[in-house]
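To convert a position in the first sequence, counted from 1, into our numbering, add 9. We treat Cβ as the ideally placed atom computed from N, Cα and C, and that holds for glycine. Presented below is the structure to which this report refers.
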Amino acid sequence: MEILRSYVEQILAPALTELGVNGDHWKAMIAPSRERTMGDLSLPCFAFAKQLGMAPNLIAEKLQSIIKTTEVISEINSTSGYLNFKISSTWLAKFILSGQIRVGDATGKYPSGKRSVLIEHTSANPNGPFHVGRARNAILGDTLVRLHRLHGNEVRAEYYVDDMGKQVAVLAWALANLSTDRVEEILADREPLNESWKDKADHERVRWYQAAQVLRNDDEIKNDIEREIAAMVHASENGDDNVLTSFENAYQPVLDGMLQTLGRLGITFDEFTRESLFVTNGDVAKVMRQLSNLEIHGIADNGAEYLDLGARGLKGKTEFYFRRGDGSSLYATRDIAYHIWKFKQCENLINILGEDHKLQSKQVSLTLTELGYSTPEVLFYSFIKLPEGKMSTRKGNVVFMDDLLEEAKAHAAQVVREIRSDYNTEQIDEIAEAVGTSAVRFNIIKVSPDKGFTFRWEEALSFDSDSAPFIMYSHTRTRSIAKKCHDLGVNVAQNNDLNLSEIPESMYELLRIIACHNDILARAVEQSRPNLFANQLLNLANYYNGFYRDCKVIKDGVVNHTFFAISEIASKLLKSGMIGLGITPLEQM
RNA sequence: GGCCCCAUAGUGUAGCUUGGAUAUCACACUGGUUUGCGGAACCAGUAACCCGUGUUCGAAUCGCGGCGGGGCCGCCA
10 MEILRSYVEQ ILAPALTELG VNGDHWKAMI APSRERTMGD LSLPCFAFAK
60 QLGMAPNLIA EKLQSIIKTT EVISEINSTS GYLNFKISST WLAKFILSGQ
110 IRVGDATGKY PSGKRSVLIE HTSANPNGPF HVGRARNAIL GDTLVRLHRL
160 HGNEVRAEYY VDDMGKQVAV LAWALANLST DRVEEILADR EPLNESWKDK
210 ADHERVRWYQ AAQVLRNDDE IKNDIEREIA AMVHASENGD DNVLTSFENA
260 YQPVLDGMLQ TLGRLGITFD EFTRESLFVT NGDVAKVMRQ LSNLEIHGIA
310 DNGAEYLDLG ARGLKGKTEF YFRRGDGSSL YATRDIAYHI WKFKQCENLI
360 NILGEDHKLQ SKQVSLTLTE LGYSTPEVLF YSFIKLPEGK MSTRKGNVVF
410 MDDLLEEAKA HAAQVVREIR SDYNTEQIDE IAEAVGTSAV RFNIIKVSPD
460 KGFTFRWEEA LSFDSDSAPF IMYSHTRTRS IAKKCHDLGV NVAQNNDLNL
510 SEIPESMYEL LRIIACHNDI LARAVEQSRP NLFANQLLNL ANYYNGFYRD
560 CKVIKDGVVN HTFFAISEIA SKLLKSGMIG LGITPLEQM
């Protein structure tokens, strides 16, 4: 609870001086109390023991006896070497009711101009539909975009489109050379295309991609195919317009289909940047010339060039190749050109990458440093597995995001139908869509990014626990109460009608969690850990429910203005926080 | 084989940077309350620091060594 910090320091300073503690290094030691019942901020006294020749618990007790409570700090206690400070409920209520807690807006309407960041996320190869593993990137990335905006940062969300290279070439080759019948013949032993997606290009065209992958393993013809594909790749890397156009015709409908899926999850981008740009505009050639002049530069027998990053602390395989023997560039080389370009757009970069990109990302960063540029922050995430092993678009053992969203929606509709028999089909459909997509997002962001997990249908479709629907329901309840107040002719709580003489425990608890709300948001943003804020929103919803139980906003047809004002503040924080996580706030559900 | 990441109750998670309280919070589970300003609610209880070792008055936290899970080690992307 950072709002309390300066007040604690203020009363602590003279007391510590009196005891004989000099300097202000103790300020850094003040930390949130471990348990809420003890206090809000605590000072561990162990570090003073040696200097003062006193036991820590005696120091804490001594300090407690010296320090007097204030209007802000209503309780000071000492337990086993800790001095605990608890915030005054009355002061806190006044503070919060005076509107001093920033609500924020995750859609970016009210940037504070604090910081401007360019977040690149997703950037999936446009060769097939999203499966839940690939979608972790998009969901984490988009949530980070939203949380930065909620925090007040200006954000540009960017998708780097891989419009050249082998994966796209394979797709283009297949579409040009294989008939529909031929594709189905090759994939005869696999699951057929799900009828629901037969007009969605990402689902449709991935079969061409998969069929081509099968043929590339066929000993009789693979050499011919490989030669044709290599020629296309080579041409694309030299900026051949015809080939790049054929690539675009192949992948763009696929990308559109993929973006349609993301759109359903509320994920959009401000900018799409194509990899080929840096080949055609000469940036890549320029970067390669610069790299060739570096001290750590080396040349292989066939003319391929690399940097020896071992000289810069890289362990394991230290040669980082940036130019092939035939003079063409590699993916990482183009990525360096892309980063240099990104730094011209914005000085703070964040990338969201799968853990398989760790080495690559390290190589890019070391090289950028070598060239005198700064480096991006990177959020790495582990993969989502299936109980039977890892997912692979190539092999076809995946759970498609489109299928998951449909299942989640169907499940949500079933629950709503049971609970709200009076809703019509249209209402149920709208609620089910919001609940289904929100639940899917939340189940992914509540897990720490660096931990892998196994996808289970049962868990993905579970709404009854620590889930988005729980938060959504609390928010809906706040709206329902506000509507009732409105019906009673009370639209806004009257400030002069507030009564703070008696503050119930559960209201105090809600106020305390509200007071920490933006501390948690700041930490989630600074450390790129959306799961921290997901947990905060769950807590907020929980404490609101406790408040709701004990503090009746409307009793016997009369509105309690104090409770109503608190309820409305919680409602706003819930709503802005939900949008920050990509959960859809509803008026009724 | 080499390098990197992860490991806290049944599940998820905080704490680890800067060692110090009875290890946080939520869900699940068990028991209870309650017919509600929306019960998708509330209250209570059970339950965990991967193993070993070192440093220390004190280790979830720091060092070393293991086990387990994941990733990487292409002139692929």
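**Test item: CB-CB of Ile305 and Leu318 under 9 Å** = Looking up residue 305 in the first sequence gives position 296. Looking up residue 318 in the first sequence gives position 309. Yes; because the gap between Cβ atoms is below 9 Å, this pair is in contact.
**Request:** With a cut-off of 8 Å on the beta carbons, I'd call Leu196 and Ala220 a contact; round off their distance for me.
**Result:** Indexing the first sequence from 1 puts residue 196 at position 187. Indexing the first sequence from 1 puts residue 220 at position 211. Confirmed, about 6 Å.
**Cα-Cα separation, Phe377 to Val288** = Here residue 377 is taken as the residue at index 368 of the first sequence, counted from 1. Here residue 288 is taken as the residue at index 279 of the first sequence, counted from 1. The sequence given here has Leu at residue 377, not Phe. Pairing Leu377 with Val288, the inter-Cα distance amounts to about 18 Å.
**Message:** Does Pro201 pass the burial test, meaning 16 or more other C-beta atoms within 10 Å, or should it be called exposed?
**Reply:** Here the question's residue 201 lines up with position 192 in the first sequence. So Pro201 ends up on the exposed side.
**Prompt:** Considering only C-alpha positions, which residue in the set Cys54, Asn186, Leu583, Glu468 is nearest to Thr113?
**Reply:** Taking the first sequence and counting its residues from 1, the one referred to as residue 113 is at position 104. Before going further, note that residue 113 is Gly rather than Thr in the sequence given. Nearest option by C-alpha distance: Leu583.
**Asked** If we call anything under 9 Å between Cβ atoms a contact, is Leu590 one with Leu414?
**Response** For the purposes of this step, residue 590 is identified with residue 581 of the first sequence, where counting begins at 1. For the purposes of this step, residue 414 is identified with residue 405 of the first sequence, where counting begins at 1. Going by C-beta atoms, Leu590 is not nearer than 9 Å to Leu414.
**Prompt:** Nearest-angstrom Cα distance between Thr327 and Thr282?
**Reply:** In the first sequence, the residue the question calls residue 327 occupies position 318. In the first sequence, the residue the question calls residue 282 occupies position 273. Taking the straight line from one Cα to the other gives about 30 Å.
**Three or more C-beta pairs below 8 Å linking the segment 160-180 and the segment 98-118** = The answer is yes - the segment 98-118 touches the segment 160-180, with three or more Cβ pairs under 8 Å.
**Asked** Near Gln364, which residues of its chain fall below 6 Å by C-beta distance, leaving aside the five closest residues on each side in sequence?
**Response** Indexing the first sequence from 1 puts residue 364 at position 355. Note on identity: in this sequence residue 364 is Glu, with Gln being the wrong assignment. Counting only Cβ-Cβ distances below 6 Å, and skipping sequence neighbours, we find Phe389, Ser391.
**Message:** Among Arg333, Tyr168, Arg199, whose alpha-carbon lies nearest the alpha-carbon of Asn311?
**Reply:** Within the first sequence, numbered from 1, the residue matching residue 311 stands at position 302. Each of Arg333, Tyr168, Arg199 was checked against the Cα of Asn311, and the nearest Cα belongs to Arg333.
**Prompt:** Which residue comes first and which comes last in the beta strand (DSSP E) that contains Arg332?
**Reply:** Numbered from 1 along the first sequence, position 323 holds the residue referred to as residue 332. DSSP places Arg332 in the uninterrupted beta strand (DSSP E) bounded by 328-332.
**Prompt:** Which whole-angstrom value describes the C-beta separation of Tyr260 and Pro135, a residue pair presumed to lie in contact below a C-beta threshold of 8 Å?
**Reply:** What you label residue 260 is simply residue 251 of the first sequence in a count that begins at 1. What you label residue 135 is simply residue 126 of the first sequence in a count that begins at 1. Correct: roughly 4 Å between the Cβ atoms.
**Message:** Using 9 Å as the threshold, is the C-beta distance between Leu380 and Ile128 below it?
**Reply:** Your numbering for residue 380 matches position 371 in the first sequence. Your numbering for residue 128 matches position 119 in the first sequence. Not closer than 9 Å, so no.
**Prompt:** What is the DSSP secondary structure of Gly445, reduced to helix, strand or coil?
**Reply:** Position 436 of the first sequence holds residue 445. In the structure shown, Gly445 sits in a helix (DSSP, three-state: H, G or I).
**Request:** Could you give the DSSP three-state label for Pro602: helix, strand or coil?
**Result:** No information on residue 602 is available, as it lies outside the stretch 10 to 598 that the chain covers here.
**Prompt:** Do Tyr169 and Glu284 have their C-beta atoms within less than 9 Å of each other?
**Reply:** On the first sequence, residue 169 is found 160 positions in, with the first residue counted as 1. On the first sequence, residue 284 is found 275 positions in, with the first residue counted as 1. Yes. Within cutoff.
**Asked** Is it true that the CB of Glu193 sits closer than 9 Å to the CB of Arg216?
**Response** Translated into positions along the first sequence, residue 216 becomes position 207. Translated into positions along the first sequence, residue 193 becomes position 184. Yes. Within cutoff.
**Asked** Counting Cβ pairs closer than 8 Å, one from the segment 534-543 and one from the segment 11-23, do we hit at least three?
**Response** Short answer: they don't touch.
**Request:** Using beta-carbon positions only, say whether Phe573 and Val499 come within less than 9 Å of one another.
**Result:** In the first sequence, residue 573 corresponds to position 564, counting from 1. In the first sequence, residue 499 corresponds to position 490, counting from 1. The answer is yes: Cβ separation under 9 Å.
**Message:** DSSP three-state label for Phe281, please.
**Reply:** The sequence position of residue 281 within the first sequence is 272, counting from 1. Residue state, collapsed to three classes: strand.
**Local conformation of Glu200 per DSSP, three classes** = The residue labelled residue 200 in the question sits at position 191 within the first sequence. In the structure shown, Glu200 adopts coil according to DSSP, grouped into three states.
**Identity of the residue in Ala102, Gln503, Gln60, Phe329 nearest Ile523 by Cα** = The residue given as residue 523 occupies position 514 in the first sequence. Answer by Cα proximity: Ala102.
**Asked** Can you tell me whether DSSP reads Gly266 as helix, strand or coil?
**Response** Taking the first sequence and counting its residues from 1, the one referred to as residue 266 is at position 257. Three-state DSSP puts Gly266 in a helix.
**Message:** Less than 9 Å between the beta carbons of Met587 and Pro478, yes or no?
**Reply:** In the first sequence, residue 587 corresponds to position 578, counting from 1. In the first sequence, residue 478 corresponds to position 469, counting from 1. In this structure, Met587 lies away from Pro478, with their beta-carbon atoms at least 9 Å apart.
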